[in-house]
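Take 113 as the starting number for the sequence shown in our numbering and just add one per residue. Glycine is no exception: its CB is placed at the ideal position from the N, C-alpha and C atoms.
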Amino acid sequence: MRNVINLNQGWKFIQKDAGLPETFPAEWQDVNLPHTWNAVDGHDGNGSYDRGSYWYAKTFAMPKQPLAGGKVYVEVLAAGQQAHVYVNGKEAVYHEGGYSIFRADVTELCREEGENLLVINCSNEYKDSVYPQSADFTFYGGLYRGVNLISVPDTHFDLDYFGGPGLTVTPKPCDCGGAVFELNSYVTNPDENFTVLYSIRDAEGKEVAGGCRPADAPAITLYVPDAKLWSIDEPYLYTVTATLQRRNEAYDEVSAKAGVRSFSCDPSKGFILNGTETPLRGVSRHQDQLYKGNALTREDHYQDAAIIKELGANTIRLAHYQHSQDFYDACDEMGFIVWAEIPFISVFNKDPDAHQNCISQLKELIIQNYNHPSICFWGISNEILIGGISEKLVENHRELNALAKELDPTRLTTIAHVSMTPLESPMHHITDVISWNHYFGWYGGKMEDNGPWLDRFHEMHPDLCVGVSEYGCEGVITNHGPNPACKDYSEEYQALYHEHMAKVLDERPWIWSSHVWNMFDFGCAARNEGGVAGRNNKGLVTMDRKTKKDSFYIYQAYWSKKPMVHIAGRRYAQRAGETTQVRVYSNQPEVTLYMNGDAVETKAAEKVFVFDVALKDGMNILTADAGCVKDSITLEKVEKEPAIYVLPEVNERAEGVANWFSAVGSMDLKAPMEFPEGKYSVKDTIEEIANCPEAMELTAKAVKLATNFTIERGKGMWDMMHSMTVERLITMSSGLVPDGFLESLNAKLIQIDKV
């Protein structure tokens with residue numbers, strides 16, 4: 113029988129490219145798996161992180177084989193981003209892609225007696241043929257999900273096909289109330305002596321169906337009467353087991369959890385689960401935590417899923433790569449609808465090898481995760497039009513979509529469009545459904561633009577199922593003020609933004625899905641804004657999972673069925689002024705606010721209750737009573753609010769814009785822009801501009817004022833921004849800079865000769 117041996121303990125690690133050791137390197141650092149060398153510098157705010165090629169080593173004894181001809185595999189659950197695996201000095205496998213399972217048959221490389229030396233070289237260095245090429249998150253390096261040793265007889269369920277489990281389960285509900293389970297297993301080295309026995313057990317462990325097939329033709333369809341459906345509220349799971357049998361002896365065994373459900377999308381009805389219209393409302397999730405990086409345990413993954421369940425979400429977009437099997441398991445058990453995707457993101461590489469890497473990662477994603485009932489959507493790319501469109505890009509997407517449908521015709525394919533994607537584009541008609549990453553009210557425009565834009569696109573394309581794959585804004589829990597505004601990074605503005613967006617989405621059930629960006633703050637070493645460097649701070653929860661921001665409770669009020677009430681602004685604890693606004697979130701119809709034991713007012717509202725309160729000098733205890741649930745905070749009335757509440761960069765940026773216009777002079781900013789030949793202009797890419805120090809200095813200053821991003825060749829967000837035109841980059845922040853800003857920049861650039 114199969115024996116899976118966990119190898120996570122007792123590794124040696126060296127954080128330099130020391131080369132392949134001939135013997136066990138006892139002098140290297142002791143580590144256990146999961147492990148990443150970027151657990152701290154991947155998000156500590158120092159502006160960069162270690163992208164290197166480093167080495168792990170461990171010894172193991174050859175598993176005892178009860179039968180002749182048995183095989184031994186090394187199974188790596190993920191290695192960021194490229195990995196070479198060696199046993200006793202010889203290479204067993206090389207793998208590209210940092211997020212999926214891969215295995216190597218090491219039988220012939222092992223010694224039957226004594227210790228065997230297992231060495232794995234991991235690299236998170238840039239490689240032209242490996243996605244992601246560049247993105248707004250840290251590419252952690254290391255063996256961050258663990259390693260197993262698998263011992264199997266010579267005849268066994270397949271271990272060589274793209275890291276798959278060797279068993280596929282396709283449950284389909286029947287009109288009669290039962291369900292058919294289409295089962296197939298994949299047997300290595302079968303002969304006439306072998307059969308595959310199948311068993312389906314319900315959640316209580318009772319066998320409800322069984323069957324038997326020859327090992328060389330193992331496909332079968334089993335029927336389960338009175339099948340219980342897998343749903344969001346009742347995620348009922350069956351256990352399907354395949355046993356490889358030789359006469360009266362079980363040789364190998366694999367199993368999978370399975371759920372019976374039907375689903376579809378309709379342009380006017382949205383997502384439909386088991387025949388019921390079910391708007392998907394939820395979050396996106398990255399897989400890292402504070403000072404752990406992405407080296408998470410099973411408990412960490414389940415904790416994340418539990419927090420999302422507490423929010424009341426029913427869907428998770430797992431960005432922007434294959435996640436841990438532990439997290440998919442949690443989604444199966446807790447009832448989330450999952451969008452799973454590959455890291456084809458932001459930067460399109462025309463190298464054919466890069467496209468082959470996309471194909472390989474998509475195969476691994478689907479083959480390894482086919483059996484998870486929570487997964488309903490395969491995502492083939494994210495914001496890939498940042499660098500523009502080409503026929504080759506469209507062709508590659510069509511090929512990826514066709515591959516996904518070939519590997520798994522039961523699920524839907526999807527894509528996440530960058531906001532600047534044209535309203536009419538060939539990219540809209542490749543996947544089954546589409547979705548948009550819109551940040552109106554943060555990177556550009558106003559939050560009030562979201563609803564009209566979605567309505568307009570829906571009217572233009574009534575045949576398309578439309579979703580919102582990303583939306584959000586930064587919220588730093590030390591930043592506060594009575595007049596929250598875009599780009600002040602305050603917890604209050606983030607809350608106002610999500611108040612608006614929750615209502616926009618609630619009013620449009622035809623939007624098949626929406627995913628807040630992001631559930632948790634996450635590592636992005638290149639970022640430095642909002643007073644918290646090294647991270648993207650758009651999370652509803654802080655990166656350490658310790659603090660739920662006020663915006664968390666807005667969605668809980670909209671989505672949770674459990675009664676709740678929350679007083680916002682508890683960290684805005686010292687307030688000046690004669691009156692202050694107190695906002696309360698609740699899914700109850702009525703809230704009464706008390707101050708120091710006295711009733712202030714009772715209000716009826718829909719999710720958001722707003723009270724104007726005259727605080728008394730000193731400390732004030734505020735209590736919100738929503739019947740069966742209550743909440744309380746303490747606020748202090750002060751003469752002057754703490755300086756830490758307002759970021760200096762917010763005021764500096766406003767002054768910088770004003771000074772910018774002063775420096776422009778008296779030119780007519782309403783005149784049509786000109787683009788004379790031989791001169792720089794806003795039509796040039798950042799890369800082209802960077803060839804001229806004068807033009808680059810001017811452009812970098814303008815981009816900093818418009819977006820709060822620093823652009824410098826080879827640093828920060830350069831890889832994502834260098835191929836964008838200046839016009840496109842500035843336009844992304846329309847609404848954050850005054851009218852005439854782009855025109856004034858162009859007027860200055862056209863005075864500079866091209867290099």
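So who's on the other strand from residue i, going by DSSP bridges?
i, result
"C377", "F383"
"W490", "A452, T525"
"E582", "N549"
"G322", "S311"
"T704", "T714, D737"
"V720", "Y697"
"H196", "Y206, N233"
"I542", "DSSP lists no partner for I542."
"I457", "N494"
Do residue i and residue j have their C-beta atoms closer together than 8 Å?
i, j, result
"I454", "C443", "no"
"D217", "K183", "yes"
"G405", "T148", "yes"
"Q700", "S663", "no"
"S531", "W548", "yes"
"F383", "W624", "yes"
"T355", "L309", "yes"
"I457", "A247", "yes"
"H592", "R523", "no"
"V242", "G192", "no"
"C488", "V545", "no"
"A680", "R695", "yes"
"M559", "H612", "yes"
"P285", "G371", "no"
"Y792", "A807", "yes"
Residue i to residue j, Cα distance in whole Å?
i, j, result
"G278", "S311", "15 Å"
"N630", "G323", "45 Å"
"V769", "E641", "17 Å"
"G689", "L747", "13 Å"
"L230", "F125", "12 Å"
"G157", "T250", "12 Å"
"I420", "D142", "35 Å"
"V794", "V720", "43 Å"
"I801", "E536", "29 Å"
"E203", "A195", "11 Å"
"F773", "T822", "20 Å"
"Y252", "A711", "52 Å"
"A868", "T219", "With the chain represented from 113 up to 867, any question about residue 868 goes unanswered, as that position is not in the structure."
"E619", "H678", "23 Å"
"E503", "M446", "41 Å"
"T654", "P754", "22 Å"
"H59", "K813", "With the chain running from 113 to 867 in the structure shown, residue 59 is simply not present."
"H834", "F787", "20 Å"
"P137", "W123", "10 Å"
"Y868", "F439", "Lying before the first or after the last residue shown, residue 868 is absent from the chain, which here runs from 113 to 867."
"E839", "L854", "7 Å"
"I479", "N360", "31 Å"
Provide the residue span of the beta strand (DSSP E) that contains residue i, from first to last.
i, result
"K170", "165-173"
"M731", "730-737"
"L430", "427-430"
"D831", "Looking at the DSSP string, D831 is not in any beta strand (DSSP E); the run it does join, the alpha helix (DSSP H), is 830-833."
"N296", "291-297"
"H413", "No beta strand (DSSP E) contains H413, which is instead part of the alpha helix (DSSP H) from 410-423."
"K749", "742-749"
"N118", "115-118"
"S367", "361-370"
Give the range of the alpha helix (DSSP H) segment to which residue i is assigned.
i, result
"A807", "805-819"
"K504", "503-519"
"H467", "464-481"
"W565", "562-572"
"I332", "Note, I332: premise wrong, no alpha helix (DSSP H); beta strand (DSSP E) at 332-336."
"L356", "Not the alpha helix (DSSP H): L356 falls in the beta strand (DSSP E), residues 350-358."
"K860", "853-861"
"I126", "No alpha helix (DSSP H) holds I126; the beta strand (DSSP E) holding it covers 123-126."
"T843", "838-843"
(message) List, from N- to C-terminal side, the beta strand (DSSP E) runs of 3 residues or more that fit wholly inside the region 221-262.
(response) Those beta strand (DSSP E) runs which fall completely within the region 221-262 and span 3+ residues are 227-235.
(request) Just list the beta strand (DSSP E) runs in the region 614-692, keeping only unbroken ones of 3 residues or longer that don't cross its boundaries, in chain order. (result) Runs of the beta strand (DSSP E) inside the region 614-692: 625-628, 634-641, 644-648, 677-679.
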